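Below is one structure, written out as structure tokens; the observations come after it.
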Amino acid sequence: SWVLSRRSTTHSDAGLPSRSSTSLAVWQTCRTGGSVTAIGTPSMPSLNGCILALEEVGERPYRIDRALTQLHSSGALRGVRGVALGQFTGCHEPEGTLSAGPAALDVAHERLEKLEVPVVSGFPFGHEPARNAALIFGGQVRLEADHGTLISLEGLDEAAQD
């Protein structure tokens, strides 16, 4: 088993407080995850009862907003028990844009808090080479919002057999 902790227990990657809509610990299966703009296809499994792990690279905040709004509106996020947010690398408006707008992580929190489940950010998975933990999809995990941890409930060998 393993434990992933946020970089800091008081601040997310963006230097803002990591927020959670509830402080309850959640136990469920992490079945899917990945880049915000790459999920939501017809072949995507049901997220009912899942902890959803999301990260993104190189997408502008308005595109993340659009993708999460569409996923929420379509019902694809129905039944999600919690969300672990990793790195949002290079997800900003390009220089020279008239308005910088909200940060990508703020957009993700704003959209996902509508689910009324724990949403915890600052985890070390995504696309930063120096800080890129591997996640096992389909394994049992526990998201502890109060402690900012995502805990595997099974060993690596057990998960590889599934």
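Just so you know, we're using our numbering here: the sequence shown kicks off at 218 and counts up by one.
Each residue gets a CB set at the ideal place from its N, CA and C atoms; glycine is no exception.
Keep in mind that this is a model prediction, so the values were computed, not measured.
What are the boundary residues of the beta strand (DSSP E) that includes A301?
G299 to T306 is the span of the beta strand (DSSP E), which, as asked, contains A301.
So is the beta-carbon of E333 under 7 Å away from any non-hydrogen atom of the ligand ADP?
Among the components modelled here there is no ligand, and therefore nothing to report on the ligand ADP.
Looking at I268 and G292, is the spacing between their C-beta atoms short of 8 Å?
No, these two residues do not count as a Cβ contact at 8 Å.
Using only CA atoms, which one of S263, T366, R280 and A347 lies nearest to A321?
Nearest option by C-alpha distance: R280.
Reducing DSSP to helix, strand and coil, say where L268 ends up.
Per the sequence shown, residue 268 should be read as Ile rather than Leu. I268: strand per DSSP, three-state reduction.
At a cut of 8 Å, does the segment 335-342 reach the segment 300-309 through at least three beta carbon pairs?
In short, these stretches touch, since the Cβ pair count reaches three.
Measure the alpha-carbon distance for V324 versus L264 and round it to whole angstroms.
Taking the straight line from one Cα to the other gives about 21 Å.
Going by the beta-carbon positions, is the gap between E310 and R277 smaller than 8 Å?
In contact: E310 and R277 (Cβ atoms closer than 8 Å).
Look at L332 and L271 and say whether their C-beta atoms are less than 8 Å apart.
No, the pair does not count as a contact, with Cβ atoms beyond the cut-off.
By the 10 Å Cβ neighbour count, where 16 or more other Cβ atoms means buried, how is S240 classified, buried or exposed?
In this predicted model, S240 has a pLDDT of only 38, less than 50, meaning its place in the structure is not dependable; the value taken from the coordinates is given anyway. With fewer than 16 Cβ atoms within 10 Å of its Cβ, S240 is classed as exposed.
CA-CA distance, N349 and M261?
So the alpha carbons of these two residues sit roughly 24 Å apart.
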